[in-house]
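Each residue of the sequence shown is one higher than the one before, counting from 66 in our numbering.
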Amino acid sequence: MITEDRLCFNGLHTRRLSVAGHGTPIALLHGFADGADTWRALLTEFDAAGRAAFAVDMPGFGQADPRQPGLILPQLDAFVDAVIADTGPVILMGNSLGACVSVRAATRGSCNVRGAIAVDEPILASHWLMRLGRGRADPFRVLDHRMPIPKNLYRHAVRGTLARLLYADPAQADPAVLARFTAQASAPSHARKMLGDARAIALETAGGYDSERVKCPLLVIHGRKDRIIPVHASERLHESVPASTLVVLPNSGHCPQLDDPSGLAKHVLRFIEREVK
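The following block contains the structure:
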């Protein structure tokens with residue numbers, strides 16, 4: 066059974082979803098503009114397997130306290146370090162931005178990071194979207210102009226776009242998931258803020274990872290049908306950490322925890338049993 070509570074890590078209040086079980090807990094970190102709820106189906110799989118796991122809302126997302134002004138990644142890094150310090154040894158698992166934060170934590174060499182699992186790693190992509198985000202000009206400035214878009218039309222367009230971006234098969238999109246994301250981009254001004262944050266993260270992560278400092282076991286997973294980040298991003302991460310394991314899921318998109326939580330859980334639990342001490 067999934068339980069929900071609120072905790073404070075290093076002065077920042079957040080929400081935690083957790084399942085009890087054996088073994089080193091799997092700490093789940095969501096992606097950009099997402100929250101702990103994205104992991105509910107996977108938490109149910111871990112619960113059925115008797116595996117301890119928990120998911121938290123990262124600063125500025127979900128029901129966590131907002132971030133402070135300034136650089137974004139250092140705040141997320143500090144939050145994860147505080148979670149680990151409070152919880153003890155964990156296996157970090159993240160999707161998209163959460164994958165980035167998990168790998169960054171692994172490079173810091175804490176003995177309490179027993180393993181890392183990066184799902185659809187985003188920052189090593191070199192496709193047009195990432196080049197646009199890291200360019201000198203702000204490509205999203207056009208959204209600053211207030212266009213008279215009917216609210217219902219705007220929300221319909223956002224929902225349709227999200228279904229294609231998040232899922233391998235948009236027809237299988239969960240309406241509750243789409244509603245959660247749509248609520249965060251309920252007006253063009255909100256979308257502009259989100260895109261500005263996404264550009265800031267792209268610029269902050271332009272240097273990639275200190276991959277040679279990853280000493281814990283690393284599992285790299287990517288959905289073959291990801292329409293946001295191409296598979297080559299995860300392939301580059303795998304190549305930069307020779308001891309890592311790469312799994313490409315043929316029928317998953319950017320969020321395998323939404324497309325195929327059962328299949329994702331099997332790969333994760335197999336990796337932990339084989340690689341994590």
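No residue lacks a Cβ here, since even glycine has one placed at the ideal position from N, Cα and C.
Per DSSP, the beta bridge partners of residue 119 are 83, 92. Beta-bridge partners assigned by DSSP to residue 73: 78. With contact defined as three or more Cβ pairs closer than 8 Å, the segment 291 to 300 and the segment 262 to 279 are not in contact.
Contact between the segment 135 to 142 and the segment 79 to 93 is absent: fewer than 3 CB-CB pairs across the two stretches fall below 8 Å. Excluding sequence positions up to five before and after residue 198, its CB lies within less than 8 Å of the CB of 204, 263, 264, 267, 268, all in the same chain and listed in chain order. Of all alpha-carbon atoms in 327, 288, 76, 336, the one lying nearest the alpha-carbon of residue 308 is that of 336.
For residue 190, no beta strand (DSSP E) run applies, since DSSP gives it neither H nor E. Take residue 106, set aside five residues on each side of it, and the residues of its chain with a beta-carbon closer than 6 Å to its own are 326, in chain order. With respect to the C-alpha of residue 113, the residue from 244, 241, 67 having the closest C-alpha is 67.
In the same chain as residue 125, and ignoring 5 residues on each side of it, the C-beta atoms closer than 6 Å to its own belong to 131, 132, in chain order. Judged by beta-carbon spacing, residue 138 lies within the 9 Å limit of residue 169, meaning their Cβ atoms are closer than that value. Across the set 230, 249, 79, 157, the C-alpha of 230 shows the shortest separation from the C-alpha of residue 319.
Rounded to the nearest whole angstrom, the CA to CA distance from residue 179 to residue 241 is 33 Å.
Judged by DSSP in its simplified three-state form, residue 67 adopts coil rather than helix or strand.
Annotated as proximal: residue 283 and residue 306, with beta-carbon spacing under 9 Å.
Per DSSP, residue 297 has no beta bridge partner at all. In the three-state reduction of the DSSP assignment, residue 289 falls in the coil class. In the structure shown, residue 270 adopts coil according to DSSP, grouped into three states.
Residue 243 places its beta carbon 9 Å or farther from that of residue 286.
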